[in-house]
Structures are given as structure tokens and as C-alpha cells.
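Below is one structure; the comments refer to it alone.
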Ligand SMILES: [Zn+2]
Ligand SMILES: [Zn+2]
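Residue numbers (UniProt numbering): 1 to 390.
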């Protein structure tokens, strides 16, 4: 019989932070509330700190540094570096390097530092409480970040920064307000603990609870309710397939305050080169997943042959649309190269631009529309499936 492998030793600093602080908050915050009570000033500042910390993690640590989904003005980087340190989730360098490993080896028990396949608790915070090998720092995937002076400055001064943001600033607020202990408890302690857990939901719950419209190749899920708690990061299935998109909730109505903030920053000149995955690619991912699901369903159906034949015909059409789209993209790319090389003279270029806008756009729109129709036909086809009699 194989012996169960012993668990690695506890990490005392992390246990103090992630077990000690929530326990302290659970006891001290209500006690002070009963004794002295809190007022609107303190609640409002706690909420403001919560969002400043949370969105510096999602907009800064995550979408800017870990995924390079856009480029930020140095002023914005410094802002994220300070408020992100206030979230007490390690330095940008360590956080982003861990996160890149999470994406690259998602659900791999040995290489994904917070692999969801090791369980809900492990992916939520268990991974930080012990000295697991999967957690050893390795910055070979973050050389670009090591060249970023803001990242390296924050990494060097991380402890001082986080103490200043979590104790110094709430203390100053408390002095201004006249209730130091109450402000420290609410803006310092409770806000920190709440922000920890809502951001940890992205690694835990967003890999367990929700739908998988874009890919079933990993455990990440889309969940609108979680998006509400996680500053927009609950659309995690989309994020895992298109990690360089600056948006996680791609529809205008999907709750993603982080994407709205990045968008606003780009209008203010603080962010640029925002990456958006083309709509066709998104539709393609949805259809791919639906074809996969349809095939599985049909294999279990009664007399599947005729429906399977229809499905394969649809798949053929789908592949043709995808190939046409790729050809159009290549055409567009070649034209860009020709323009850059100056191979096309000025006058012709202006005409070509006009043509490109009209003709290419129409072609792209047609292809997007064809995928949309195909999704409808596929869902009608699947309604005809009779499950096999037991
Ligand atoms: Zn994930
Ligand atoms: Zn990510």
C-alpha cells in the first residue's frame, strides 16, 4: 500500500495573514461596532479602499502586467503599484508570474500554483498556507516584468508599501476622523479581509461554478454573479481562452467595472493599445464548443446516423467560414505590410482604404452572420435528438 505523501510545512507568515487576520476581523469588528459603532464616513472609506485595491489587482496586476492586455501610462502604473500593494497579495512580479503559470498549466496539479483540480479549498487559499513546490518562485516567465522599473521598485519596497497602505493610510484617516481604532478596524482590517476573499473567488469558485460557453478544455467558468463580486472577473471561461483581451465580460451589459475603468483610462490618455479579440474568433470558439457538445450528445442518441450526417455537413460549412476568415485576415495583413514598405503610392492608398472599409467590413460582417445562423441551425438540430431509451 502506498503511504500518503506528507503535507509540506505551514508557511507561518501566510497563516498569520490569511487565518489570523480574518479571525481578528470576525471578533474585533463586531465588538467595536457594539461598543462604539461605525459611521457613514468609515463605511464609505472602507468601500473606496476595497475598490481601489480590488481594481488595482484586476486592472493592474492581472490585465496589465500578467496578460499585457493594454499599455499603461507610468502614472497609472504607479497608482496600481501602490494600491495593489495595499491588497496584500504579494508583489506584482510574484503575483503575475504565478498567474502566468496558472494559465499555462491550468488544472495541472504540479505546475498550476492554484490548480482547481486539487479542490476548492486548495485553489481558494490552501495553496498559500503551506510551502508547496508548485509555489516556488520562478521568474523565467516574467523577464519582461523584471525590466519594468515600476514593477521592480514595488517588489523591492513591497513590505514597507503594504504596511503604509494597510496601516499608515487608515491610521491617518482615523486621526482625521477622530476614531482611530474604528477606522483601523473597518478601513484597515475588514476591507483587507473582504478583498482577499473576493479576489480568491476567481481562482476557486470561478473554476467550479458557472457555464463553459467558450471552451471545455479547462475548468474555468463564466458566472455573472461572481463577476459582480470580483470587479468583473467572473467571466473566467472567456478569460481563460482569450487571456489577452482587456475585457472579461465582453457584452456591454456584462458587469465588468475593470474593463470600464481601462476604457475610461484610454479616453483620458492613460492607457492605449487595448486588445480586443475579434468577434468572429469569439463566435468560432462558441460554435466549436457547441459542435463538440453536439457530437457527444448524438453519440448517446437513438439512431444517430442521419443527424450525425447533418452535423458533419454543418461542421464542413463552419470550417469553410473559418478558412475564408483566415484568408481575409491574411489579405488585410499583406496590405498592411505593403503600406508599411511604401509599395503602394499615396493616391492608390487612399482609394484602397475606402475599398477596404467597405468591402472587407462587409465580408467580415457576412462571415460573422453566417456563424450566428449556424448556431441557430445547430440548436434546432439538437432539439431533434431523442435520448437513447434505457
Ligand atoms: Zn483561472
Ligand atoms: Zn488571467
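Ideal Cβ placement from N, Cα and C applies to all residues, glycine included.
Contact set for residue i: own chain, Cβ-Cβ below 8 angstroms, skip 5 residues either direction
i	result
residue 307	298, 301, 381, 384, 385
residue 227	233, 234, 235, 248, 249, 254, 255, 256
residue 153	81
residue 15	129
Whole-angstrom C-beta distance between residue j and residue i, which should lie under 8 angstroms
i	j	result
residue 188	residue 213	About 40 angstroms; that fails the 8 angstroms criterion.
residue 371	residue 311	So it is not a contact: roughly 16 angstroms between Cβ atoms.
residue 83	residue 89	Actually they do not touch by this definition, with Cβ atoms about 11 angstroms apart.
residue 103	residue 207	With 8 angstroms as the limit, residue 103 and residue 207 do not qualify as a contact, their Cβ atoms being about 12 angstroms apart.
residue 190	residue 32	With 8 angstroms as the limit, residue 190 and residue 32 do not qualify as a contact, their Cβ atoms being about 10 angstroms apart.
residue 375	residue 179	Contact doesn't hold; Cβ gap of about 57 angstroms is too wide.
residue 290	residue 177	In fact, because the Cβ distance is near 55 angstroms, the residues do not count as touching under 8 angstroms.
With 16 other Cβ atoms within 10 Å as the buried cut-off, status of residue i
i	result
residue 106	buried
residue 323	exposed
residue 18	buried
residue 115	buried
residue 353	exposed
residue 282	buried
Nonlocal neighbours in the same chain, by C-beta distance under 6 angstroms from residue i, ignoring five residues either side
i	result
residue 244	67, 69, 275
residue 225	none
residue 29	185, 190
Spatially closest choice to residue i from the options, by CA coordinates
i	options	result
residue 134	99, 32, 20, 143	99
residue 93	34, 146, 53	146
residue 273	179, 120, 262	262
residue 97	77, 130, 63	63
residue 321	369, 59, 35	369
residue 120	46, 192, 201	201
residue 362	328, 44, 71, 341	328
residue 277	225, 47, 242	242
residue 79	56, 91, 65	56
residue 219	316, 337, 23, 109	109
residue 367	284, 210, 139	284
residue 237	211, 230, 313, 259	211
Close-in-space but distant-in-sequence residues of the same chain around residue i (CB under 7 angstroms, 5 per side omitted)
i	result
residue 101	111, 112, 113, 141
residue 304	298
residue 194	50
Quick one: which unbroken beta strand (DSSP E) runs of 3-plus residues sit fully inside the stretch 203-240? Chain order, please.
-> none
Completely contained alpha helix (DSSP H) runs for the stretch 64-104, where each covers 4 or more residues = 74-85, 92-104
For the stretch 285-356, list the alpha helix (DSSP H) runs that are entirely contained and at least 4 residues long, ordered along the chain.
-> 305-340, 346-355
Mind listing, in chain order, the continuous beta strand (DSSP E) runs of no fewer than 3 residues lying wholly within the stretch 116-144?
-> none
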